[in-house]
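Presented below is the structure to which this report refers.
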Amino acid sequence: MNIDTLLHFIDSYGYLIIFLFLFFGIVGVPAPEESLLFLIGVLVVQGKLSIGLAMLCAILGAFIGMLAAYACGKYVGYPFINKYGRFIGITSERWEKAKKNYTDNAQKTLVLGFYIPGIRQISPYFAGISSIPFRKYFLFSLLGTILWTVPFIVAGYYVGDAFNVNPKYVPYLGVVFLVIFVLYVTIKYVKKRKQMSKS
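Converting from the sequence shown to the numbering used here requires adding 528 to each position, the first position being numbered 1.
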């Protein structure tokens, strides 16, 4: 989807389109989530959106998408895997191993997985299939949602304010911000692992 179409949708449907794009982006329908979040910040600077309402709609859309995917995984995915998994190569041993690996890293995956396209779509379904406790899932998926949506919007706001960004360049800036953030987190993680291995 090009930026002109995205701007048209926002002009026509306002905050509703923010909610819907984030919701469907999480449940697996292709949507330019990072570009949209960055664009929101730029449009706030231009006075076309309220930052409070835009953030609320973005957070609610993504979070409700996470809850819907979790429910789908728990009530549809798990029975399917349990009944038909062996026919598609998912033996009970493989399933238990995959489930344990996910369960052991569920908190990190739910929070940091938002920044990795593909992982953020698969993770909530797998959490439901793995029967991650709902209270734990609720807390960490909400935290991950906030830590994903808010920084992109704020980055768009400050970049748009400082450089008077043309909206047509937003998709590229959103990707650049994502790459920089992922590199930063990766470097911090590697340094921490090295320090732990030395101690």
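Think of the CB as a built atom: it goes at the ideal place given N, C-alpha and C, for glycine as much as any other residue.
Predicted, not measured: the structure shown is a model, and the values here were computed from it.
Taking C-beta atoms as the reference points, THR673 and PHE591 count as a pair closer than 8 angstroms. Scanning its chain for C-beta atoms nearer than 6 angstroms, with the 5 sequence neighbours on each side dropped, one finds around LEU571 the residues LEU577, in chain order. Runs of beta strand (DSSP E) with 3 or more residues, each lying fully within the region 543-617, are absent. For SER669, the three-state secondary structure derived from DSSP is helix. Per DSSP, reduced to three states, the secondary structure at SER540 is helical. Between the region 667-687 and the region 630-648 there are three or more inter-stretch CB-CB distances shorter than 8 angstroms, so the stretches are counted as touching. In the DSSP annotation of this structure, PRO661 is not part of any alpha helix (DSSP H), being labelled neither H nor E. Secondary structure note for TYR643: it is in no alpha helix (DSSP H), with a DSSP letter that is neither H nor E. Around the beta-carbon of PHE551, 16 or more other beta-carbon atoms lie within 10 Å, marking it buried. Here the C-alpha atom of ALA655 lies approximately 21 angstroms from the C-alpha atom of GLU561.
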